[in-house]
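Engineer: Numbering (our numbering), first residue to last: 403 to 553.
Backbone N, C-alpha and C fix where the C-beta goes; we use that ideal spot for every residue, glycine too.
(1) Check this for me: beta carbons of residue 416 and residue 496, under 8 Å apart or not?
(2) So residue 506 and residue 535 are supposed to be a Cβ contact under 8 Å. How far apart are they, rounded?
(3) Can you tell me the Cα-Cα spacing of residue 524 and residue 551, whole angstroms?
(4) With respect to the beta strand (DSSP E) encompassing residue 543, which residues constitute its N-terminal and C-terminal limits?
(5) Roughly how far, in whole angstroms, is the beta-carbon of residue 446 from the beta-carbon of residue 463, given that I think they are within contact range, below 8 Å?
(6) At which residue ranges does the stretch 413-485 contain complete beta strand (DSSP E) runs of 3 or more residues, listed in the order of the chain?
(7) With a threshold of 8 Å on Cβ separation, who are the neighbours of residue 513 within its own chain once the five nearest residues in sequence on each side are excluded?
Written out as structure tokens, the structure is:
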């Protein structure tokens, strides 16, 4: 079966460990991923959230390499047909000029018509979630800078 995917990129004004903490921290993830977000941050751990209305995503953490890489293997939603393959999100963080470049590569979504609405929702929800992650991390950085004594 043919599959499809997408890529998103966002630059965040913070170091990779700060982005990683917000991305994978069980207390911070609900602030950008969705109120019901649950993360057990470790290899073999779980990742679940309602990332958009009616779009619940549940995954197993396949790669957990702080603060560089997170790979999620998603479970097939119960309302969609099963297939021989895996839906994967690969999130890579890279320090570039004082910022963190976050790349999200999604792959393995079946190219069949019954999967198209799901694919479109996931693509849009991922873009919005990354934008919320950026806002959260950068707000936390500004708050930390404001609390620090002037140099």
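Structural biologist: Once the coordinates are examined:
(1) As a working mapping, residue 416 is identified with position 14 in the chain shown. As a working mapping, residue 496 is identified with position 94 in the chain shown. No. Outside cutoff.
(2) Position 104 of the chain shown holds residue 506. Position 133 of the chain shown holds residue 535. Not quite, the Cβ-Cβ distance comes to about 10 Å (not below 8 Å), so this is no contact.
(3) Translated into the one-based positions of the chain shown, residue 524 becomes position 122. Translated into the one-based positions of the chain shown, residue 551 becomes position 149. In a straight line, the C-alpha of residue 524 is about 42 Å away from that of residue 551.
(4) The residue labelled residue 543 in the question sits at position 141 within the chain shown. Here residue 543 belongs to no beta strand (DSSP E); instead the alpha helix (DSSP H) covers 518-549.
(5) Translated into the one-based positions of the chain shown, residue 446 becomes position 44. Translated into the one-based positions of the chain shown, residue 463 becomes position 61. Sure, about 6 Å apart at Cβ, within 8 Å.
(6) 448-454, 457-467 and 471-476
(7) Along the chain shown, one-based indexing puts residue 513 at 111. These residues qualify, in order along the chain: 403, 404, 405 and 406.
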